[in-house]
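Numbering (the numbering used here), first residue to last: 2 to 417. Beta carbons are placed, not taken as given, at the ideal position from N, Cα and C, and that holds for glycine.
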């Protein structure tokens, strides 16, 4: 088996997708309650299934993807979809909304020392968490009570007292500085690259539809930013090894998390490649061996086509990888592969073009870069709705701002 531990791929977290039973119901929930906009939607698999692409971040055509087809009797294997909020005032406001939202359940607040966190589930049991970061770091997992009826000052004082008496305490700024130095040293820190393709083509001015984003619902959207995702594992040590060995994630914490609401006590592993994020991917135990994965995709941007080919060689030499799909979406050049527990992972090289999703044809990496780019450009120019990606982003940003749905900026390190 190829030993990937000596090579760290140039990837960045991009987006996450889940399978659900009633996609229309969850579309409504994530639009109304969390402020997502539908950027595109359509049928796949010869019309057998629907995919809905949702975003609040113009940088990402989709941050969150819903796919139909999950059996109602299968428990979700999603551990959490994570967001950040700017302050306790906003966390209290969101908590009050969720307490009165009939489609939300298992609403619980806890203090993790590094964050004050609000957990809740949608109607299909998929759990989300909205967190406000604290100025402190303590090794995770930690789970203390949180009383949002207290004043900010009392919560701050109580949390700081607990953190300072916890072994391993440091200021968060010091923890981040140390992680940045570590990640730069071992090549884990990937900087944003340029999209692939001709960024200055001889195209006519863009022709927009009435709206770039298809649908938004609800009133004032919560001030949050998507930050991380979590999955339940059958074999936690083995799955952890795969994500550290092959995808270059560092373990930032691990241990036994006490029960939180309806979520039972579990072993957790926190993974990151970004010093600004304690966790980008969370793995926990508890998935039964006969439970199918409800992860539609964990998507990572990869910087170049050459890097994608390098990873292709690594993946095809690794007997833990179970399957592959090679797809050019027009928006991206993508390899999908199945991790050891049948969770689909996407490595995507972003292109300079936009076409409405879902769209795709077989990606031929045997072509050299120039030929592949030229072939893709020819195809996308013939697809109705084609735009340059930069034009799509600018229009989407204007629409999100106009309707109060733009993601809270400055909370995560990759918002543009």
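Spatial neighbours of residue i in its chain, beta-carbon cut-off 7 Å, leaving aside the 5 residues before and after
i, result
"residue 350", "197, 303, 305, 306, 309, 333, 334"
"residue 263", "107"
"residue 338", "316, 322, 324, 325, 346"
DSSP-derived helix/strand/coil call for residue i
i, result
"residue 157", "helix"
"residue 416", "Low confidence applies here, because residue 416 scores a pLDDT of 37, under 50, leaving its location unreliable; read the following figure in that light. Of the three classes helix, strand and coil, the one that applies to residue 416 here is coil, per DSSP."
"residue 16", "strand"
"residue 335", "strand"
"residue 197", "strand"
"residue 312", "helix"
"residue 186", "helix"
"residue 1", "Because residue 1 is not part of the residues shown, which for the chain are 2 to 417, the question remains open."
"residue 370", "helix"
"residue 41", "strand"
"residue 32", "helix"
"residue 306", "helix"
"residue 296", "strand"
"residue 326", "strand"
"residue 301", "strand"
"residue 105", "coil"
For residue j and residue i, believed in contact at Cβ under 8 Å, the rounded distance
i, j, result
"residue 34", "residue 98", "7 Å"
"residue 269", "residue 258", "5 Å"
"residue 189", "residue 138", "Their Cβ separation, rounded to whole angstroms, is 18 Å, which puts residue 189 and residue 138 out of contact at 8 Å."
"residue 1", "residue 81", "An answer regarding residue 1 cannot be provided, because it is not within the stretch 2 to 417 covered by the chain."
"residue 13", "residue 219", "The pair is not a contact, with the Cβ atoms about 29 Å apart (cut-off 8 Å)."
"residue 352", "residue 16", "Actually they do not touch by this definition, with Cβ atoms about 16 Å apart."
"residue 226", "residue 85", "5 Å"
"residue 215", "residue 402", "No, residue 215 and residue 402 are not in contact; Cβ-Cβ is about 17 Å, not under 8 Å."
Residue i, buried or exposed, once every other Cβ within 10 Å from all chains shown has been counted against 16
i, result
"residue 298", "buried"
"residue 362", "exposed"
"residue 162", "exposed"
"residue 123", "buried"
"residue 266", "exposed"
"residue 234", "buried"
"residue 390", "buried"
"residue 336", "buried"
"residue 10", "buried"
"residue 193", "exposed"
"residue 382", "exposed"
Same chain only: Cβ atoms within 6 Å of residue i, ignoring 5 sequence neighbours per side
i, result
"residue 91", "224"
"residue 118", "111, 130, 132"
>> Which runs of the alpha helix (DSSP H) at least 4 residues long sit entirely within the segment 114-180? Give them in chain order.
In response: 153-165
>> Just to confirm the assignment: which complete beta strand (DSSP E) runs, minimum length 3, are found wholly within the segment 244-291?
In response: 251-258, 267-273, 282-285
>> Threshold first: 4 residues or longer. Then list the alpha helix (DSSP H) segments lying entirely within the segment 386-411, N to C.
In response: Taken in chain order, the complete alpha helix (DSSP H) segments of 4 residues or longer contained in the segment 386-411 are 390-403.
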